[in-house]
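Trainee: After the structure tokens below, expect a handful of questions from me.
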Amino acid sequence: MTDPDDIGYNTTSNPSFSTMVEARLSRRNLLRGTVATAGGAMLGSISLAACGGSDDPANPAAGLKLGFNAVAKSLSDAVVVPAGYTASVLYRLGDPIAAGVPAYKNDGTDDPATYDRRAGDHHDGMTWFGANGSGKWDAKAGSRGLLVMNHESLTPVFLHPTGRTVVGGKRTVPSEVKREFYLHGVSIIETTKGADGKWSYKQDSSFNRRVHTLTPMELSGPVRGTDFVKSKYSPAGTATRGTVNNCANGTTPWGTYLTCEENWYGYFSRTAATDDAKRTAKELAAIKRYGVGPQDFYGLWGTTQGAADAAEQDTFDRWVLDVKGADASADYRNAHNTYGWVVEIDPFNPTSTPRKRTALGRAGHEGACLGRVEAGKPLVWYMGDDARNEYVYKFVSNKNWDAADATGGLAAGDKYMDDGKLYVAKFKADGTGEWVELSFGKNGIGETSANYAFSSQADVLIHARLAADVVGATKMDRPEWTAVNPKTGDVYVTLTNTNASSRPIDKTDAANPRFYNDPKGTAQTAQNGNPNGHIVRFAEKAGNAGASFAWDVYLFGARSTAAADINISGLGADNDFSSPDGLWFSQATQGLAWLETDDGAYTDVTNCMLLAAVPGQVGDGGKKTITNKSGDTTRTQETIVGAKPGEKDTQLKRFLVGPKGCEITGIAESGDGRALFINIQHPGENTADANIGDATKFESHWPDGGNARPRSATVVITRSDGGLIGV
Ligand code: FEO
Ligand code: CA
Ligand code: CA
Ligand code: CA
Numbered sequence: 000m001t002d003p004d005d006i007g008y009n010t011t012s013n014p015s016f017s018t019m020v021e022a023r024l025s026r027r028n029l030l031r032g033t034v035a036t037a038g039g040a041m042l043g044s045i046s047l048a049a050c051g052g053s054d055d056p057a058n059p060a061a062g063l064k065l066g067f068n069a070v071a072k073s074l075s076d077a078v079v080v081p082a083g084y085t086a087s088v089l090y091r092l093g094d095p096i097a098a099g100v101p102a103y104k105n106d107g108t109d110d111p112a113t114y115d116r117r118a119g120d121h122h123d124g125m126t127w128f129g130a131n132g133s134g135k136w137d138a139k140a141g142s143r144g145l146l147v148m149n150h151e152s153l154t155p156v157f158l159h160p161t162g163r164t165v166v167g168g169k170r171t172v173p174s175e176v177k178r179e180f181y182l183h184g185v186s187i188i189e190t191t192k193g194a195d196g197k198w199s200y201k202q203d204s205s206f207n208r209r210v211h212t213l214t215p216m217e218l219s220g221p222v223r224g225t226d227f228v229k230s231k232y233s234p235a236g237t238a239t240r241g242t243v244n245n246c247a248n249g250t251t252p253w254g255t256y257l258t259c260e261e262n263w264y265g266y267f268s269r270t271a272a273t274d275d276a277k278r279t280a281k282e283l284a285a286i287k288r289y290g291v292g293p294q295d296f297y298g299l300w301g302t303t304q305g306a307a308d309a310a311e312q313d314t315f316d317r318w319v320l321d322v323k324g325a326d327a328s329a330d331y332r333n334a335h336n337t338y339g340w341v342v343e344i345d346p347f348n349p350t351s352t353p354r355k356r357t358a359l360g361r362a363g364h365e366g367a368c369l370g371r372v373e374a375g376k377p378l379v380w381y382m383g384d385d386a387r388n389e390y391v392y393k394f395v396s397n398k399n400w401d402a403a404d405a406t407g408g409l410a411a412g413d414k415y416m417d418d419g420k421l422y423v424a425k426f427k428a429d430g431t432g433e434w435v436e437l438s439f440g441k442n443g444i445g446e447t448s449a450n451y452a453f454s455s456q457a458d459v460l461i462h463a464r465l466a467a468d469v470v471g472a473t474k475m476d477r478p479e480w481t482a483v484n485p486k487t488g489d490v491y492v493t494l495t496n497t498n499a500s501s502r503p504i505d506k507t508d509a510a511n512p513r514f515y516n517d518p519k520g521t522a523q524t525a526q527n528g529n530p531n532g533h534i535v536r537f538a539e540k541a542g543n544a545g546a547s548f549a550w551d552v553y554l555f556g557a558r559s560t561a562a563a564d565i566n567i568s569g570l571g572a573d574n575d576f577s578s579p580d581g582l583w584f585s586q587a588t589q590g591l592a593w594l595e596t597d598d599g600a601y602t603d604v605t606n607c608m609l610l611a612a613v614p615g616q617v618g619d620g621g622k623k624t625i626t627n628k629s630g631d632t633t634r635t636q637e638t639i640v641g642a643k644p645g646e647k648d649t650q651l652k653r654f655l656v657g658p659k660g661c662e663i664t665g666i667a668e669s670g671d672g673r674a675l676f677i678n679i680q681h682p683g684e685n686t687a688d689a690n691i692g693d694a695t696k697f698e699s700h701w702p703d704g705g706n707a708r709p710r711s712a713t714v715v716i717t718r719s720d721g722g723l724i725g726v
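When you line the sequence shown up against numbering that gives the first Met the number 0, it's residues 0 to 726, in that order.
Structure below.
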């Protein structure tokens, strides 16, 4: 298992719940129509190219039309797009981004010292920043821009000559670990569209940059300089080194990039048997709540033997949290507190130091989506904390937006992102919801909180999950991306999936309403819980900064062949999906939504995919009672569902299917909407370590084909007639 997104995160004490439900679903073949629609989508409507959107304000779905024929589900080792579209590989794992760096050999022998100037692994969330002729941000630019993307994680088997070298549970080849440090983080690359319409990146651009686990970072906001973050690296607690497990992303109104640290806790280890006695009860409660150690479940970086010198040894030591020295300035006991943040990077200033924006709280951050921007109003960002039973957050700036700050760079970030309030969502059964402020001294969050004695606002922000526990926030089925519909302002949250131990049948609620069995493969092995996930959306009732909202469930993932109480959205062969993760609205079309999957449940039938949608709005459906079943147990659950695809002019169609073993993630468009960028993450990730010597046993060879090792890569999608993508 190499993808940390697949790992169970639940640190609560819910009982194990493994009752198997007998597979009794009819497996009618509903594939009719997919062959007939596979060809001939040359002419998409471009009538809305001027962003006109709906003529009917009461129905935001009216007007926009998906202008392609859906692609069929696929298990092939290829990227499949509709007729009339081209998908081209732009930027692969290992590709060089500086002059003089040789092409990637992709056999594990590339010089580890060059990896700080190569594409990282596991491409994830990304943003395309248009650039004008002077190299300044221009949101409408269509043929030159900086593509900024996350590199979340690694598929280690393909990175070294014969996979990772681990002896007696320790890493014994420091250069392999150095490679892995560099392969995480963020890429900034200059991309251009040539006269022939083809996209490429410029290998020697002065904008090109890698940010990785050794890059110096400033801690910014209320946590900066507090005892919680003092370390040997920064005795004053003002800085930290690097970023890791950068999952989804976000933007600002001043043209900077937000990269979000998700499963950072899996990189740290701690010797609980000796370290526990040196920690306060508060520290231990916090470590437990965030699932930090004691076992490193990822790279064993802290075990690395054979460092060349003390400075290199320090880069390995900082992944071990044990209390060793006289105080925090002598060891890395607090290193975990310097991860789990939303990090701001100015891509137009290659020498700038990224800033970890601590006012947005510490979590397993998936992404940070900017809400609608209005002059004279606060700025808001919506954030999912991706672990089972975690929460949805909102950050609201204290300062009101002044358009004069649109060229402000990181100084604008200091103004709006270091000073504000953090809220967590409570979804109520009646279809309303509430944002509860997470501030020291409010809402029961303080020194006498039952679960944890908070001492300051910095303490609240570092332990946002514990503060959210205090106020009774709603536990969700793994909140992934958030997205804001530019047409309506509705906020969408993908809830990728959960399992029966994290949400047993008697713990469903209105916003997380399903419990069912999803058969897998010919063995019909039961997967109970909510293995296909769903998407909740909400409408702020009192403006972005307000405390109340209305919500419904926009879509439920399901097999098209599943029973009606599972396939609640009525998905068919052209649009059935499982485990929604990436979700993003195109600005160029003013309202087209793109949905990406990171699935392990429906993968017996199809590889992961990208779908396009024309959604409606909160409240376009109605109340529904679902009957959930587990063995002999039957329970009903009330919920509120949106219009099904096809109702009220709403639409949903599968646009792309990826190669074997991949996740589809990250999405961005050129300023004119004529190029769509997506990432193929970890093709072939299910290749067993033992098979690295036999290329015929690799799960995938995408994108290079033949016997090549597979590589995560960015793909750029264009239309043969040069039109807007998807419409
Ligand atoms: Fe990295 Fe939650 O996906
Ligand atoms: Ca992944
Ligand atoms: Ca995921
Ligand atoms: Ca994700």
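Glycine included, each C-beta is placed from N, C-alpha and C at the ideal position.
Here the structure is a predicted model, which is why all the values come from computation and not from measurement.
(1) Is alanine 247 near ligand 4, with its Cβ less than 7 Å from a heavy atom?
(2) Is the distance from the Cβ of glycine 236 to the Cβ of threonine 225 below 8 Å?
(3) Using only alpha-carbon positions, find the residue among Cys246, Asp517 and Lys139 that is nearest to glycine 119.
(4) Which partner residues does valine 341 have in the DSSP bridge list?
(5) Using a Cβ-Cβ cut-off of 7 Å (strictly less than) and excluding sequence neighbours within five positions of alanine 140, which residues of its own chain qualify?
(6) Considering only the alpha carbon of each residue, which of Arg209, Leu299, Pro234 and Thr255 lies closest to lysine 405?
(7) Kindly give me the distance between the Cβ atoms of serine 500 and asparagine 388, rounded to whole angstroms, as I take these residues to be in contact under 8 Å.
(8) Consider the C-beta atom of threonine 664 and the heavy atoms of ligand 4; say whether any pair is separated by less than 7 Å.
(9) At 3 residues or longer, what runs of the beta strand (DSSP E) sit wholly inside the region 109 to 179?
(10) Look at glycine 339 and tryptophan 263 and say whether their C-beta atoms are less than 8 Å apart.
(11) Helix or strand or just coil, what does DSSP make of histidine 335?
(12) Looking only at its chain, what residues have a beta carbon closer than 6 Å to the beta carbon of phenylalanine 394, apart from the 5 residues adjacent to it on each side?
(13) Can you give me the C-alpha to C-alpha distance between tyrosine 297 and proline 709, rounded to a whole angstrom?
(14) Give me the Cβ distance between alanine 611 and lysine 652, rounded to the nearest whole Å; I'm assuming they're in contact under 8 Å.
(15) In three-state terms, what does DSSP make of serine 785?
(16) Along the beta strand (DSSP E) that carries threonine 493, what are the first and last residues, could you check?
(17) What residue range does the alpha helix (DSSP H) around tryptophan 636 cover?
(18) So the candidates are Leu675, Lys486, Pro530 and Ala694; which of them puts its Cα closest to the Cα of alanine 61?
(19) Is the beta carbon of glutamate 151 less than 8 Å from the beta carbon of asparagine 244?
(20) Can you list, in chain order, the residues of its chain with a C-beta nearer than 7 Å to that of arginine 26? Leave out the 5 residues immediately preceding and following it.
(21) Could you tell me whether the region 569 to 579 touches the region 592 to 612, where touching means 3 or more Cβ pairs closer than 8 Å?
(22) Measure the alpha-carbon distance for arginine 238 versus threonine 258 and round it to whole angstroms.
(23) In whole angstroms, give me the CA-to-CA distance for tyrosine 392 and proline 503.
(24) Would alanine 411 be called buried (16 or more neighbouring beta carbons within 10 Å of its own) or exposed?
(25) Would you identify the three-state DSSP class for glutamine 526, choosing helix, strand or coil?
(26) Would you call the CB atoms of asparagine 627 and arginine 477 closer than 8 Å?
(27) Within 10 angstroms of its Cβ, does lysine 622 collect 16 or more other Cβ (buried), or is it exposed?
(28) Just mark proline 3 as buried or exposed, buried being the case when its beta carbon has 16 or more other beta carbons within 10 Å.
(29) Apart from the five residues just before and just after tyrosine 289, which ones in its own chain have a Cβ nearer than 6 Å to its Cβ?
(30) DSSP three-state call for glutamate 373: helix, strand or coil?
Mentor: Answer, in terms of the structure:
(1) For this step, residue 247 is matched to residue 248 along the sequence shown. At least one heavy atom of ligand 4 is nearer than 7 Å to the Cβ of alanine 247, so yes.
(2) In the sequence shown, counting from the first residue as 1, residue 236 sits at position 237. In the sequence shown, counting from the first residue as 1, residue 225 sits at position 226. Their beta carbons are under 8 Å apart, which means glycine 236 touches threonine 225 by this criterion.
(3) Position 120 of the sequence shown, counting from 1, holds the residue named residue 119. Looking at the Cα atoms, Cys246 is the closest of the given residues.
(4) Here the question's residue 341 lines up with position 342 in the sequence shown. According to DSSP, which records beta bridges pairwise, valine 341 is partnered with Cys259 and Arg356.
(5) Taking the sequence shown and counting its residues from 1, one reaches residue 140 at position 141. So the qualifying residues of the chain are Gly129, Ala130, Asn131 and Gly670.
(6) Taking the sequence shown and counting its residues from 1, the one referred to as residue 405 is at position 406. Residue identity check: residue 405 is alanine in the sequence provided, not lysine. Checking every option, the nearest Cα to that of alanine 405 belongs to Thr255.
(7) For the purposes of this step, residue 500 is identified with residue 501 of the sequence shown, where counting begins at 1. For the purposes of this step, residue 388 is identified with residue 389 of the sequence shown, where counting begins at 1. Not a contact, Cβ separation roughly 10 Å.
(8) Counting from 1 along the sequence shown, the entry for residue 664 is found at position 665. At least one heavy atom of ligand 4 falls within 7 Å of the beta-carbon of threonine 664.
(9) Runs of the beta strand (DSSP E) lying entirely within the region 109 to 179, each at least 3 residues long, are 122 to 129 and 143 to 150 in chain order.
(10) Looking up residue 339 in the sequence shown gives position 340. Looking up residue 263 in the sequence shown gives position 264. Their beta carbons are under 8 Å apart, which means glycine 339 touches tryptophan 263 by this criterion.
(11) By one-based count along the sequence shown, residue 335 stands at place 336. Correct three-state label for histidine 335: helix.
(12) Position 395 of the sequence shown, counted from the first residue, corresponds to residue 394. Leu359, Trp380, Gly419 and Leu421, listed in sequence order.
(13) Reading the sequence shown from its first residue, position 298 is the one you call residue 297. Reading the sequence shown from its first residue, position 710 is the one you call residue 709. Looking at the backbone, the Cα of tyrosine 297 and that of proline 709 are separated by about 20 Å.
(14) As a working mapping, residue 611 is identified with position 612 in the sequence shown. As a working mapping, residue 652 is identified with position 653 in the sequence shown. Taking the Cβ atoms as the reference, alanine 611 lies roughly 6 Å from lysine 652, within the contact range of under 8 Å.
(15) Residue 785 cannot be examined here, being either before or after the span of the chain that is shown, 0 to 726.
(16) Taking the sequence shown and counting its residues from 1, one reaches residue 493 at position 494. Where threonine 493 is concerned, the enclosing beta strand (DSSP E) stretches over 490 to 494.
(17) Against the sequence shown, residue 636 aligns to sequence position 637. This sequence places glutamine at residue 636; tryptophan is not what is there. Annotation: glutamine 636 is outside any alpha helix (DSSP H); the continuous beta strand (DSSP E) that includes it extends over 632 to 640.
(18) Numbered from 1 along the sequence shown, position 62 holds the residue referred to as residue 61. Closest option to alanine 61, Cα to Cα, is Lys486.
(19) The sequence position of residue 151 within the sequence shown is 152, counting from 1. The sequence position of residue 244 within the sequence shown is 245, counting from 1. Result yes, Cβ atoms of glutamate 151 and asparagine 244 sit closer than 8 Å.
(20) Locating residue 26 in the sequence shown gives position 27, counting from the first residue. Here arginine 26 scores only 24 on pLDDT, less than 50, and its place in the model is too uncertain to base an answer on.
(21) Yes, the region 569 to 579 touches the region 592 to 612.
(22) Sequence index remark: in the sequence shown, residue 238 carries index 239 (1-based). Sequence index remark: in the sequence shown, residue 258 carries index 259 (1-based). With the sequence shown as reference, residue 238 is identified as alanine, and arginine is not the correct amino acid for it. Cα-Cα distance, rounded: 17 Å.
(23) Your numbering for residue 392 matches position 393 in the sequence shown. Your numbering for residue 503 matches position 504 in the sequence shown. Tyrosine 392 and proline 503: Cα-Cα distance of roughly 24 Å.
(24) Reading the sequence shown from its first residue, position 412 is the one you call residue 411. By the neighbour-count definition (other C-beta atoms within 10 Å, threshold 16), alanine 411 is a buried residue.
(25) Walking along the sequence shown from the start, residue 526 turns up at place 527. Here glutamine 526 carries a strand assignment [DSSP, helix/strand/coil].
(26) Along the sequence shown, read from residue 1 onward, the residue named residue 627 stands at position 628. Along the sequence shown, read from residue 1 onward, the residue named residue 477 stands at position 478. Taking 8 Å as the Cβ cut-off, asparagine 627 and arginine 477 do not qualify as a contacting pair.
(27) Start at 1 with the first residue of the sequence shown, and residue 622 comes out as number 623. With fewer than 16 other CB atoms across the displayed protein chains lying within 10 angstroms of its CB, lysine 622 is exposed.
(28) The residue labelled residue 3 in the question sits at position 4 within the sequence shown. Around the C-beta of proline 3, 16 or more other C-beta atoms lie within 10 Å, and the residue is accordingly described as buried.
(29) Numbered from 1 along the sequence shown, position 290 holds the residue referred to as residue 289. Once the five neighbours on either side are set aside, the close Cβ partners of tyrosine 289 are Tyr264.
(30) Within the sequence shown, numbered from 1, the residue matching residue 373 stands at position 374. When secondary structure is reduced to three states using DSSP, glutamate 373 falls in the coil class, being assigned neither helix nor strand.
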